[in-house]
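Below you'll find the structure, written out as structure tokens, and then a few comments.
Residue numbers (our numbering): 177 to 446.
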């Protein structure tokens, strides 16, 4: 398998070979093992003891600090699950899971180029139009890959319902990545999503206004409590410093301070 060959080659580059593959996770320091343990507990179907004081986000941040030792461990988990790292699995009454694809979520932070390569391989191995393929394409786009944007646009264009929470979240993820990339070719697809979602949604309309360059609508959203942060970010993305200055100078604008903060990040007017 191409993926396995790639993972093994990365392990070799990282300094692990042969039987030492099984020691990649055992070599982690205690802090990294604790952080990884939070993720492992979150994957355990019957686990309810995840330490709320150490969120998954903080856990990923801590793992990123030890990239050189964490990367081989994550690649090992991705390919073999926890079958080669039994000490990390605390639910002794159950066998250690062999599906470690969740490690890709941490790899996004620890080593984005590696995560991009692996997500691209998931796309290649998944059936066209399947949820697994679409989710992987979203991650490819988030990590900078542009080759998936056209297919994501077509997927949204052919979506006829958004009745389930999973469908709505997938739609939000796709629209979000279009906004992050400022992919204006996806404007029609995002407007189509807007028509499918509840009218009280505060996210998709902002994305649609950004991609469609509807500055008047963005300014309106930037004055509302439910949509102001996203709208200010959208104005920043499309370079509308003039609108941010207007919002910052308006004494009636509840979010003038937020506009001022956005202006600090905006490039100067040429």
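All C-beta atoms, glycine included, are put in the ideal place defined by N, C-alpha and C.
Note that this is a predicted model, so its numbers are computed, not measured.
Taking just the CA atoms, how far does residue 292 sit from residue 321?
Taking the straight line joining both Cα atoms gives about 8 Å.
Coil, strand or helix - residue 319 by DSSP
Looking at residue 319 - three-state DSSP - the assignment turns out to be coil, as it is neither helix nor strand.
Between the C-alpha atoms of residue 326 and residue 380, what's the straight-line distance to the nearest angstrom?
Each residue's CA atom was taken as its position, placing residue 326 and residue 380 some 19 Å apart.
Alpha carbons only, please: which of 301, 385, 345 is nearest the one belonging to residue 364?
The shortest C-alpha separation from residue 364 is found at 385.
Residue 395 and residue 441 - do their beta-carbons sit closer together than 8 Å?
With respect to residue 395, residue 441 sits apart: the two C-beta atoms are not nearer than 8 Å.
Ignore the nearest five residues each way along the sequence and tell me which others in residue 204's own chain have a CB closer than 8 Å to its CB.
If the five residues before and after residue 204 are omitted, its C-beta is found closer than 8 Å to the C-beta atoms of 212, 242, 245, 246, 249, all from its own chain and listed in chain order.
Below 8 Å on the Cβ atoms is my contact criterion, and I expect residue 419 with residue 406 to pass it. Report the Cβ-Cβ distance as a whole number of Å.
So it is not a contact: roughly 14 Å between Cβ atoms.
Out of 332, 280, 201, which one is the CA nearest neighbour of residue 263?
Nearest Cα to residue 263 within the set 332, 280, 201: 201.
Please report how far the alpha carbon of residue 378 lies from the alpha carbon of residue 261, in whole angstroms.
Here the alpha carbons of residue 261 and residue 378 stand approximately 44 Å from one another.
Nearest-angstrom Cα separation, counted from residue 383 out to residue 434:
Approximately 19 Å between the Cα atoms of the pair.
Distance, residue 272 Cα to residue 371 Cα:
In a straight line, the C-alpha of residue 371 is about 44 Å away from that of residue 272.
According to the Cβ coordinates, are residue 429 and residue 399 closer than 8 Å?
In this structure, residue 399 lies closer than 8 Å to residue 429 by Cβ.
If we count the other Cβ atoms within 10 Å of its Cβ and call it buried at 16 or more, is residue 334 buried or exposed?
A residue is called buried when at least 16 other Cβ atoms come within 10 angstroms of its Cβ; residue 334 does not meet this threshold and is exposed.
Cβ of residue 358 within 8 Å of Cβ of residue 436?
For the 8 Å CB-CB criterion, residue 358 and residue 436 do not form a contact.
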